[in-house]
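Enquirer: Structure provided below as structure tokens; questions to follow.
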Amino acid sequence: MAKGRFFKDTLARFLLLGDRFREEARGVAAVEFAFIAPIMILLFVGTIELSAGVATNRKLSRLSSTIGDLITQSQTLTQNDINNIMDVSSKIMYPYKDPVTIVVTGIEINSSGQAKVKWSQSEPTGSAKATGSNYTVPTKIKKANTFLVAAEVSTSYTPSFGWAHYEANKGVYFSRTPIAMKEQLFLRPRIGGSVERQ
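For the sequence shown, position 5 (counting from the first letter as 1) is numbered 4 according to numbering that gives the first Met the number 0, and the numbering increases by one without interruption.
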């Protein structure tokens, strides 16, 4: 009889403990948060990195458009004019401090549709195209006996937190390897048939 009562009391205590556990929601919320928090943090950091990368690329696109637009507004440019136009890069790319390479090229398309470099200017580390060399122009805008200005800008975006990479011999690891970004824009002269460089 004592044994039966002992088992009954023990079972009653377990049932009471189970009821109390079911009614207690505070512990469940803490456990759920512990499972969800790492995922939320990764999503937050990923969103920040993605939006910063997209913003950098948009600024790069705006820079190529601005430089090309300013150059095509003139019929004749001096070295000083081109330098002043290229100086706008730091203001457009602000607050991003990664160095920007700019190459501006005047392209003459002859009667047979061949695109040749008439003049080219680069800053600060870019390499200017050789005068007289061939230049690849998209077929849709390649029109005989016309002039184009190509504005090429490039930079490398370095992530603040890094990107997750997977390699068979290394597994998953985070890297802050810079991501190369490049924009190229072709514009026609606004005044006259060409833009000459003195």
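Backbone N, C-alpha and C define an ideal beta-carbon position, used for all residues, glycine too.
Between D86 and the rest of its own chain, which residues show a CB-CB distance below 8 angstroms, the 5 nearest in sequence each way excluded?
Expert: Excluding positions up to five away in sequence, the list is empty.
Enquirer: Give every residue of the same chain whose Cβ lies closer than 6 angstroms to the Cβ of V102, excluding the five residues on either side of it in the sequence, and list them in chain order.
Expert: Answer for V102: S121, G125, E151, listed in chain order.
Enquirer: Alpha carbons only, please: which of A179, N109, T65 is nearest the one belonging to K142?
Expert: Ranking the options by Cα distance to K142, first place goes to N109.
Enquirer: Determine the burial state of M39: buried for a count of at least 16 other Cβ atoms within 10 Å of its Cβ, exposed for fewer.
Expert: So M39 ends up on the exposed side.
Enquirer: Hey, T157 and M180: beta-carbon distance below 8 angstroms or not?
Expert: For T157 and M180, no; Cβs fall outside 8 angstroms.
Enquirer: Give the DSSP-derived three-state secondary structure of F160 in the structure shown.
Expert: Residue state, collapsed to three classes: coil.
Enquirer: How is N82 classed by DSSP in three states: helix, strand or coil?
Expert: Helix, per DSSP.
Enquirer: Buried or exposed for A149, going by 16 or more other Cβ atoms inside 10 Å?
Expert: Its Cβ being crowded by 16 or more others within 10 Å, A149 is buried.
Enquirer: Just list the residues that DSSP pairs Y165 with in beta bridges.
Expert: Its beta-bridge partners are V171.
Enquirer: Can L147 and I106 be called in contact, C-beta distance under 8 angstroms?
Expert: Contact: yes.
Enquirer: Alpha carbon to alpha carbon, what distance is there between T130 and A54?
Expert: Cα-Cα distance, rounded: 34 angstroms.
Enquirer: Examine the Cβ distances between the region 9-18 and the region 57-66 and report whether three or more of them are shorter than 8 angstroms.
Expert: Contact fails: fewer than three Cβ-Cβ distances are below 8 angstroms.
Enquirer: Mind checking D139: buried by the 16 CB within 10 Å criterion, or exposed?
Expert: Checking the sequence, you will find Lys at residue 139 rather than Asp. Exposed.
Enquirer: Mark P188 as exposed unless 16 or more other C-beta atoms lie within 10 angstroms of its C-beta, in which case mark it buried.
Expert: It counts as buried.
Enquirer: Let me know the secondary structure DSSP gives I178 once reduced to three states.
Expert: In the structure shown, I178 sits in a strand (DSSP, three-state: E or B).
Enquirer: My parser needs the alpha helix (DSSP H) runs of 4 or more residues fully inside the region 86-164; what are they?
Expert: Within the region 86-164, the complete alpha helix (DSSP H) runs of at least 4 residues are 88-92.
Enquirer: What is the rounded straight-line gap between the Cα of F43 and the Cα of V171?
Expert: Using only the alpha carbons, I get a separation of about 19 angstroms.
Enquirer: Can you tell me whether G67 is buried or exposed? The criterion is at least 16 other CB atoms within 10 Å of its CB, across all chains shown.
Expert: With 16 or more other Cβ atoms within 10 Å, it is buried.
Enquirer: Between P137 and Y95, what straight-line distance do the alpha-carbon atoms span, to the nearest angstrom?
Expert: Each residue's alpha carbon lies about 30 angstroms from the other.
Enquirer: CA-CA distance, K128 and R175?
Expert: Using only the alpha carbons, I get a separation of about 32 angstroms.
Enquirer: Just grab the DSSP bridge partners of F185 for me.
Expert: In the DSSP output, where bridge partners are listed per residue, F185 has A149.
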